[in-house]
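In our numbering, the protein residues as written are 677 to 968. Glycine residues also receive a C-beta, built at the ideal position from the N, C-alpha and C atoms. This report refers to the structure that appears directly beneath it.
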Ligand SMILES: C[S@@+](CC[C@H](N)C(=O)[O-])C[C@H]1O[C@@H](n2cnc3c(N)ncnc32)[C@H](O)[C@@H]1O
């Protein structure tokens, strides 16, 4: 499209769209021919097609959104503290980055763990701890209409957003969201599946939360953990490590950091979760499926 056409189609301010197109062309993100710009197919898969297995656009959005909070690095480096308000854009940024986790769960994890898929298809009780704005529940609930979902997160605004979207999607009472923390989870044998999507890295009481998750599961239930895990060779410059290291620097603003595969395996073993199977979905994102 021409910048004018694009601006009209999207209802945007044309001079800004024109400047954006020039910059994106100069940076080789889009192509230019006869006054028209286009996104090449390979780039479209990577940056625009949210449902593609290759989509990594959310990672860029995550870092771009979090960079709005980077003023806090000054204090962190000088005083070893994180300033108030350093997480202003965290919830929105996480929502962008984890879209791909949810695609990977559907496209890569379910085919690999068919018992988990058939349990969800028959109708399972599912707890999503640290659900954020509910992206995983909302997507999985539409795919598995016989299952029920409880999403819990300490972030009041994220929970309100999740509830709003569930209402818009008319998912009814089988998808519920509540404010709460993993540390005070009081469920006992109430769920067939517990999902922990990129939550463990942010917790200081990891053992306590894992033990609460185990107690919330019925015997034989599934715990599914999604986490970015550091590579054993952390000084390498391969593309996965470039992505992980950039994210890990940003995680210091959250007072957190990536776990290693070894650390996560030990945590799960100590927590009484058995048969943990690790599966690398790509880009440093791992899924670990364990049983109670
Ligand atoms: C990276 S986001 C992941 C959101 C969601 N699981 C997903 O896959 O889209 C991490 C979430 O963990 C939540 N969280 C942080 N501390 C928590 C705690 N103590 N208990 C439960 N959730 C927590 C945050 O509020 C945030 O929504």
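{"Check": "Residue 711 classed as buried or exposed, judged by whether at least 16 other C-beta atoms fall within 10 angstroms", "Outcome": "exposed"}
{"Check": "Proximal residues to residue 824 (C-beta, below 6 Å), its chain only, five neighbours per side dropped", "Outcome": "801 and 850"}
{"Check": "Bridge partners - residue 893, DSSP secondary structure assignment", "Outcome": "867"}
{"Check": "Rounded C-alpha distance that separates residue 721 from residue 862", "Outcome": "42 Å"}
{"Check": "Same chain, Cβ closer than 8 Å to residue 841, neighbours up to 5 away in sequence not counted", "Outcome": "809, 810 and 814"}
{"Check": "Straight-line Cα distance separating residue 848 from residue 839", "Outcome": "10 Å"}
{"Check": "Chain-order list of residues whose beta-carbon lies under 6 Å from that of residue 822 (same chain, five-residue window excluded)", "Outcome": "799"}
{"Check": "Buried/exposed call for residue 708, threshold 16 Cβ in 10 Å", "Outcome": "exposed"}
{"Check": "Cβ-heavy atom distance, residue 831 to ligand 1, below 6 Å", "Outcome": "yes"}
{"Check": "Residues that residue 903 bridges to, as DSSP identifies them", "Outcome": "962"}
{"Check": "Which residues DSSP lists as bridging residue 730, in chain order", "Outcome": "In the DSSP output, where bridge partners are listed per residue, residue 730 has none listed."}
{"Check": "Rounded straight-line distance, which links the Cα of residue 770 to that of residue 894", "Outcome": "30 Å"}
{"Check": "According to DSSP, residues forming a beta bridge with residue 824", "Outcome": "801"}
{"Check": "Residue 686 classed as buried or exposed, judged by whether at least 16 other C-beta atoms fall within 10 angstroms", "Outcome": "exposed"}
{"Check": "Pick from 967, 966 and 959 that is closest to residue 774, judged by C-alpha positions", "Outcome": "959"}
{"Check": "Boundaries of the alpha helix (DSSP H) in which residue 715 is found, first to last residue", "Outcome": "Per DSSP, residue 715 belongs to no alpha helix (DSSP H) and is neither H nor E."}
{"Check": "Close-in-space but distant-in-sequence residues of the same chain around residue 762 (CB under 7 Å, 5 per side omitted)", "Outcome": "745, 748 and 929"}
{"Check": "Between the CA atoms of residue 897 and residue 888 - distance to the nearest angstrom", "Outcome": "14 Å"}
{"Check": "Residue nearest to residue 796 in terms of C-alpha spacing, selected from 714, 904 and 871", "Outcome": "871"}
{"Check": "Cβ pair residue 805, residue 828 closer than 7 Å", "Outcome": "yes"}
{"Check": "Within 7 Å, strictly: CB atoms of residue 874 and residue 902", "Outcome": "yes"}
{"Check": "Cβ pair residue 853, residue 965 closer than 7 Å", "Outcome": "no"}
{"Check": "C-beta atoms of residue 881 and residue 859 nearer than 7 Å", "Outcome": "yes"}
{"Check": "Rounded separation between residue 877 and residue 680 - CA only", "Outcome": "45 Å"}
{"Check": "Ligand 1 heavy atom lying under 6 Å from the CB of residue 696", "Outcome": "no"}
{"Check": "Cβ-heavy atom distance, residue 812 to ligand 1, below 6 Å", "Outcome": "yes"}
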